[in-house]
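A.B. asks: If you scroll down you'll find the structure; I have some questions about it.
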Amino acid sequence: MKLRSKFLASFVVLIVITTLMISTVNYFVSVDAIRRNSGEFSQYLLRQVGITLEKRTADVEELVFRQYRSSSLSEQLSLIPETNEKAFDRDKYISDFMNSLMFDQDYFQAVQIIDRYGRSYAIERSNLKYYQQELMEKLRPDDVLAARGRALWFRGAKGTVFMARAIYDVPTNNYRGILAVGLDSGYINSIVKDETMLIGADIFFLNDNNELLIREQQQSPVVQYIMENRLFESQTALKNGFTYMGKRYMLKVLATDYDKWKILQAIDISQLIQGTDVIKYWTIGTMVTALVVAFLLAAIISKSITANVRMLLHTMSSFALDIHQKVIVPKGRDEIGLLAEKFNLMVERIHELFNTVYLEKLLKQKAEYRTLQFEYKALQAQMNPHFLYNTLEAIHSLAKIKGQDEIGEMVYLLGRLLRESIRRKGDVIPLSEEIGFIGDYLSIHKMIYGDKIQVQYNLDEKLMGHAVPKFILQPIVENAVIHGIEKKPGVGEIHIECRRDGGDLRIVVRDNGIGMDKETIERLLHPERYNAVESKEKHTNVGIISVHKRIRILYGDDYGISIESEIGEGSSVQIRIPLFREPVRSI
110 MKLRSKFLAS
120 FVVLIVITTL
130 MISTVNYFVS
140 VDAIRRNSGE
150 FSQYLLRQVG
160 ITLEKRTADV
170 EELVFRQYRS
180 SSLSEQLSLI
190 PETNEKAFDR
200 DKYISDFMNS
210 LMFDQDYFQA
220 VQIIDRYGRS
230 YAIERSNLKY
240 YQQELMEKLR
250 PDDVLAARGR
260 ALWFRGAKGT
270 VFMARAIYDV
280 PTNNYRGILA
290 VGLDSGYINS
300 IVKDETMLIG
310 ADIFFLNDNN
320 ELLIREQQQS
330 PVVQYIMENR
340 LFESQTALKN
350 GFTYMGKRYM
360 LKVLATDYDK
370 WKILQAIDIS
380 QLIQGTDVIK
390 YWTIGTMVTA
400 LVVAFLLAAI
410 ISKSITANVR
420 MLLHTMSSFA
430 LDIHQKVIVP
440 KGRDEIGLLA
450 EKFNLMVERI
460 HELFNTVYLE
470 KLLKQKAEYR
480 TLQFEYKALQ
490 AQMNPHFLYN
500 TLEAIHSLAK
510 IKGQDEIGEM
520 VYLLGRLLRE
530 SIRRKGDVIP
540 LSEEIGFIGD
550 YLSIHKMIYG
560 DKIQVQYNLD
570 EKLMGHAVPK
580 FILQPIVENA
590 VIHGIEKKPG
600 VGEIHIECRR
610 DGGDLRIVVR
620 DNGIGMDKET
630 IERLLHPERY
640 NAVESKEKHT
650 NVGIISVHKR
660 IRILYGDDYG
670 ISIESEIGEG
680 SSVQIRIPLF
690 REPVRSI
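Here the sequence shown stands for residues 110 to 696, numbered as in this note's numbering.
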């Protein structure tokens, strides 16, 4: 390949790589920004829907209760009429009350009252028997009574939603019965119509029993799939989304106060990025245009650079058979002209270089031979970590065969600790893995010390999946064993506890060892204020200091390690990190 072709190929490769990298990065950054902004906007709309739903249902509940409180319905329901005339008057008052309530709002479709004796009174705009039968099937009086006046909502058929609540006499707080109101579901469903059309998402409501509130919303195949598989209870679906009919969906859930409502939103991810096709086409078009222009410029520049080189090559070739000829120097004093002048000196030194090259070749061969010897010796000195823990596994199996179960178990645990420490990647791991690692570590110490060490765990299983910086417990547990329990006669106890403290995770390691005074604690957490620690304590102390500094770097100065201890009473070391926040950096 000629020099000009090499220059041109180099320019082309650099141009293509640079253009592709810039275009690809710009495209994906733009798509990600659109997706992120669309997701944030949809989350904002979901919060607005939740506020509107809370307000509308609260308005209905307040309206019904206000009508009841301002009437004499409580007295009428408590009456036991002695004559048919009084019974007629009572029933007429109840009927008038239900008519007044139903026609108070256009979206009220039916009203039904069940008194404490089981008598039912009902009125509706149409199809009374159908609504009454459905309400009796859906209504669970025990649940309504257990709610103690709090309204319960559930769906009905034919475009209705029911609200039912227990009613009590206001002065005496005596139970009077159940008051239920049927609403046009369009009054609730209209909350999400505009938002659904705006972002192309399925938005639907669940009551406090996780039941779909509006029957019409169940007509969506995506909603049916979510309800059948109860994806709103799946942390995987909420975090990573789900796939339905070959499409990826993002699932958002918003719970209102006291979990009265759950508003669910299923968004087709392709809808979020549907506008990115224009960006893609513009990116491709711009990239192609830039490449064509860059190729033309690269061809012109490469030709200009290599023109003098081609002239010098032609001149040097004419003197190939006679090295004693004078070299014709090209015009100009650029790099090519200087190269031609040096050509004369090169010819004169060729013979000298032959000998020099030969000697250098011998020296190079010797150096290569020595290098191979050094590499071979270095290879002999290395021990593959995988070979080491495979050997430990073999020792474990051999000990089991020989009946040395305790030795085998110790070797097995040591091998597993080595394997885990080698294969762990990343800066954070689940809390359960950190606890498991410490369990293996303490199991080895229990074999070494026998009954001198007792370990107790008090762990909140709900926190086991939370991510924590890896290897934050081992230095603390090692300090408790070596500097606490080992120096104290009798049985040593180590308690490991993890619990939730507000928005934080607290991990506590307590021991009943010899304890520490306040100066020792201060030296342990702030060594920069004192002279270097003694060498016999340096390993574990540096480990605790390192854990403390890592946590403060990752999460801020409000987090880290705190120590409480008294001489002769033992020590308590607490680790405090936030629960729901990723580290601000990687360490």
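Using N, Cα and C, we set each Cβ at its ideal position, and we do this for glycine too.
Fair warning: this is a prediction, and the values are worked out from it, not measured in the lab.
(1) In the stretch 318-364, which residue ranges form an unbroken beta strand (DSSP E) of at least 3 residues, counting only runs that do not cross its ends?
(2) Classify residue 178 as helix, strand or coil using the three-state DSSP reduction.
(3) From 672, 145, 670 and 164, pick the residue whose C-alpha is nearest to that of residue 370; which is it?
(4) Drop a sphere of 10 angstroms on the beta-carbon of residue 181, count the other beta-carbons inside from all chains shown, and report buried for 16 or more, exposed for fewer.
(5) Could you check whether residue 169 and residue 312 sit closer than 8 angstroms to each other, using their CB atoms as the reference points?
(6) Exposed or buried, residue 569, counting other C-beta atoms within 10 Å across all chains shown (16 or more means buried)?
(7) Hey, residue 374 and residue 310 are a contact pair by Cβ (cut 8 angstroms); roughly how many whole angstroms apart?
(8) If you reduce the DSSP assignment to three classes, tell me which class residue 118 lands in.
(9) Whole-angstrom Cβ separation of residue 672 and residue 614, contact assumed at under 8 angstroms?
(10) May I ask you to report which of helix, strand or coil DSSP gives residue 296?
(11) Taking its Cβ as the centre, do 16 or more other Cβ atoms sit within 10 Å of residue 130, making it buried, or is it exposed?
(12) Using 10 angstroms around the beta-carbon of residue 379, count the other beta-carbons present and answer buried if the total reaches 16, otherwise exposed.
(13) State buried or exposed for residue 391, treating a residue as buried only when at least 16 other CB atoms are found within 10 Å of its CB.
(14) Considering only the alpha carbon of each residue, which of 536, 552 and 542 lies closest to residue 519?
(15) Alpha carbon to alpha carbon, how far is residue 684 from residue 590?
(16) Is it a yes or a no for the stretch 603-610 touching the stretch 618-626, going by three-plus beta-carbon pairs under 8 angstroms?
(17) Would you decide whether residue 233 is buried or exposed? Buried here means 16 or more other CB atoms lie within 10 Å of its CB.
(18) Counting along the chain, where does the alpha helix (DSSP H) carrying residue 266 start and finish?
(19) Quick one: residues in its chain with C-beta nearer than 6 angstroms to the C-beta of residue 661, no 5 flanking neighbours on either side, listed in chain order?
(20) Please report the residue range of the alpha helix (DSSP H) in which residue 583 lies.
(21) Counting only C-beta atoms, is residue 351 closer than 8 angstroms to chain B at any point?
(22) For residue 146, name the three-state secondary structure that DSSP assigns.
(23) What are the start and end residues of the alpha helix (DSSP H) that includes residue 283?
(24) Determine, using beta carbons only, whether residue 584 and residue 536 come nearer to each other than 8 angstroms.
(25) Is residue 189 helix, strand or coil by DSSP?
(26) Let's test the definition: count the other Cβ atoms within 10 Å of the Cβ of residue 554 and tell me whether it reaches 16, buried, or not, exposed.
(27) In its own chain, which residues sit with a C-beta less than 8 angstroms from the C-beta of residue 329, not counting the 5 before and 5 after it?
(28) Could you name the residues of the same chain whose beta carbon sits closer than 8 angstroms to that of residue 283, not counting the 5 residues immediately before and after it, in chain order?
(29) Which residues does DSSP list as the beta-bridge partners of residue 539?
(30) If you reduce the DSSP assignment to three classes, tell me which class residue 314 lands in.
(31) Do residue 300 and residue 161 have their C-beta atoms closer together than 8 angstroms?
(32) First and last residue of the beta strand (DSSP E) that includes residue 225?
(33) Looking at residue 217 and residue 290, is the spacing between their C-beta atoms short of 8 angstroms?
(34) Is the CB-CB distance between residue 273 and residue 248 below 8 angstroms?
(35) Buried or exposed, going by whether 16 or more other CB atoms sit within 10 Å of the CB of residue 466?
C.D. replies: This is what the structure gives:
(1) For the stretch 318-364, whole beta strand (DSSP E) runs of length 3 or above, ordered along the chain, are 351-353 and 356-364.
(2) As a working note, residue 178 is residue 69 in the sequence shown. Looking at residue 178 - three-state DSSP - the assignment turns out to be helix.
(3) Residue mapping note: residue 370 aligns to position 261 of the sequence shown, counting from 1. Residue nearest to residue 370 within the set 672, 145, 670 and 164 is 164 (criterion: CA-CA distance).
(4) Taking the first residue of the sequence shown as 1, we reach residue 181 at position 72. When all chains shown are included, residue 181 counts as exposed.
(5) Start at 1 with the first residue of the sequence shown, and residue 312 comes out as number 203. Start at 1 with the first residue of the sequence shown, and residue 169 comes out as number 60. In this structure, residue 312 sits away from residue 169, with a CB-CB distance that is not shorter than 8 angstroms.
(6) Working through the sequence shown from its first residue, we reach residue 569 at position 460. By the Cβ neighbour-count rule, residue 569 is exposed, with fewer than 16 other Cβ atoms within 10 Å of its own.
(7) In the sequence shown, residue 374 corresponds to position 265, counting from 1. In the sequence shown, residue 310 corresponds to position 201, counting from 1. The pair is a contact, with the Cβ atoms about 5 angstroms apart (cut-off 8 angstroms).
(8) Taking the first residue of the sequence shown as 1, we reach residue 118 at position 9. DSSP places residue 118 in helix when its eight states are reduced to three.
(9) For the purposes of this step, residue 672 is taken as the residue at position 563 of the sequence shown. For the purposes of this step, residue 614 is taken as the residue at position 505 of the sequence shown. At roughly 18 angstroms, the Cβ-Cβ gap does not stay under 8 angstroms, so residue 672 and residue 614 are not in contact.
(10) Mapped onto the sequence shown, residue 296 falls at position 187. Look at residue 296 here: in three-state DSSP terms it is helix.
(11) Within the sequence shown, the letter at position 21 stands for residue 130. Residue environment: residue 130 is assigned as exposed (fewer than 16 neighbouring CB atoms within 10 Å of its CB, all protein chains considered).
(12) Sequence index remark: in the sequence shown, residue 379 carries index 270 (1-based). Under this definition residue 379 is an exposed residue.
(13) In the sequence shown, the residue the question calls residue 391 occupies position 282. Exposed.
(14) On the sequence shown, residue 519 is found 410 positions in, with the first residue counted as 1. For the residues 536, 552 and 542, the minimum Cα distance to residue 519 belongs to 552.
(15) Position 575 of the sequence shown, counted from the start, is the residue given in the question as residue 684. Position 481 of the sequence shown, counted from the start, is the residue given in the question as residue 590. Computed Cα separation, rounded: 18 angstroms.
(16) Result yes; three or more Cβ-Cβ pairs closer than 8 angstroms.
(17) Here residue 233 refers to the residue found at position 124 when the sequence shown is read from its first residue. With a 10 Å radius around the Cβ and a threshold of 16 neighbouring Cβ atoms, residue 233 comes out buried.
(18) Numbered from 1 along the sequence shown, position 157 holds the residue referred to as residue 266. Element bounds for residue 266: n/a, residue is neither H nor E.
(19) On the sequence shown, position 552 is the one that residue 661 refers to. Only 669 meet the Cβ criterion.
(20) Position 474 of the sequence shown holds residue 583. Residues 583-588.
(21) Of the protein chains in the structure, only one exists, and it is not chain B.
(22) Locating residue 146 in the sequence shown gives position 37, where the first residue counts as 1. Annotated three-state conformation of residue 146 is helix, per DSSP.
(23) The residue labelled residue 283 in the question sits at position 174 within the sequence shown. Counting along the chain, residue 283 falls outside any alpha helix (DSSP H), and DSSP gives it neither H nor E.
(24) Working through the sequence shown from its first residue, we reach residue 584 at position 475. Working through the sequence shown from its first residue, we reach residue 536 at position 427. It is not a contact, given that the beta carbons lie outside the stated cut-off.
(25) Within the sequence shown, the letter at position 80 stands for residue 189. Residue 189: coil per DSSP, three-state reduction.
(26) Stepping through the sequence shown from its first residue, residue 554 is reached at position 445. With 16 or more other Cβ atoms inside 10 Å of its own Cβ, residue 554 counts as buried.
(27) Stepping through the sequence shown from its first residue, residue 329 is reached at position 220. Excluding sequence neighbours, residue 329 sits near 311 and 313.
(28) Counting from 1 along the sequence shown, the entry for residue 283 is found at position 174. So the qualifying residues of the chain are 187 and 277.
(29) Working through the sequence shown from its first residue, we reach residue 539 at position 430. Residue 539 is bridged to 576.
(30) Mapped onto the sequence shown, residue 314 falls at position 205. If DSSP states are grouped into helix, strand and coil, residue 314 belongs with the strands.
(31) For this step, residue 300 is matched to residue 191 along the sequence shown. For this step, residue 161 is matched to residue 52 along the sequence shown. The answer is yes: Cβ separation under 8 angstroms.
(32) The count along the sequence shown starts at 1 and reaches residue 225 at position 116. That residue, residue 225, is in no beta strand (DSSP E); it is neither H nor E in DSSP.
(33) Along the sequence shown, read from residue 1 onward, the residue named residue 290 stands at position 181. Along the sequence shown, read from residue 1 onward, the residue named residue 217 stands at position 108. At a Cβ-Cβ threshold of 8 angstroms, residue 290 and residue 217 count as neighbours.
(34) In the sequence shown, residue 273 corresponds to position 164, counting from 1. In the sequence shown, residue 248 corresponds to position 139, counting from 1. When the beta-carbon positions are compared, residue 273 and residue 248 come within less than 8 angstroms of each other.
(35) Taking the sequence shown and counting its residues from 1, one reaches residue 466 at position 357. Exposed, since its Cβ has fewer than 16 Cβ neighbours within 10 Å.
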